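Notes for the one structure printed next.
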Amino acid sequence: MVDKDLFLYDLAVVAILKNEGRYLKEWLDYHLAAGVDHFYLYDNDSADNQAEVAKPYVEAGLVDYFPTPGKAMQIVAYNNAIKKFKFQSRYMAFIDLDEFLLPKNNTGGV
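The sequence shown stops at residue 112 when you use the working numbering, and every number in between is there.
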């Protein structure tokens, strides 16, 4: 699927999160099952257990997790992901935690 000589991942997702610990596991598990290879998550001053929920995914190498303090940090986080990781993934999606992707396979089906 992905040429590992060109890209580490076929599909990565970038998201900025704040106090999403309650939903994060479901969201990550869904996207892993749907074909996402990697996540770049930016934590915008969360006060819940979000980092703890993400920890097993970070340890498994599926998530890169970045503390991102401040106000109005979404564009800053997205620009950081583009600058740092644009050559690591063939495709990079930028979505919120209330959004769910359904990537299509190469045969045209779902």
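Just so you know, even glycine gets a beta-carbon here, dropped at the ideal spot from N, CA and C. Treat the numbers as computed from the prediction; the structure is a model and nothing was measured.
I'd like to know if A17 contacts chain B, where contact means its C-beta is closer than 8 Å to some C-beta of that chain. Within the model displayed, chain B is absent; a lone protein chain is all it includes.
Do N21 and A53 have their C-beta atoms closer together than 8 Å? Judged by their CB atoms, N21 and A53 are not nearer to each other than the 8 Å cut-off.
Any 3 or more C-beta pairs closer than 8 Å across the segment 11–26 and the segment 88–96: Output reads yes: the segment 88–96 touches the segment 11–26.
Please report how far the alpha carbon of L103 lies from the alpha carbon of N46, in whole angstroms. Straight-line Cα distance between these residues: approximately 22 Å.
Give the secondary structure of A17 by DSSP, where H, G and I count as helix, E and B as strand, and everything else as coil. A17: strand per DSSP, three-state reduction.
D66 versus A83, M75, Q76, V78, residue with shortest Cα-Cα distance: Nearest of A83, M75, Q76, V78 to D66, Cα basis: A83.
Local Cβ density within 10 Å of A74, reported as buried at 16 or more and exposed below that: Here A74 is exposed. Its C-beta has fewer than 16 other C-beta atoms within 10 Å.
If I measure Cβ to Cβ from P105 and keep anything under 7 Å in the same chain, skipping five residues before and after, which residues do I get? Shown here for P105: same chain residues with a beta carbon closer than 7 Å to its own, the five before and five after excluded, namely L13, A36, G37 in chain order.
Among residues of its own chain, excluding the 5 on either side of F89, which ones have a beta-carbon nearer than 8 Å to its beta-carbon? The answer, listed in chain order, is F9.
Y42 to D7 span [Cα, whole Å]: Y42 and D7 have their C-alpha atoms spaced approximately 21 Å apart.
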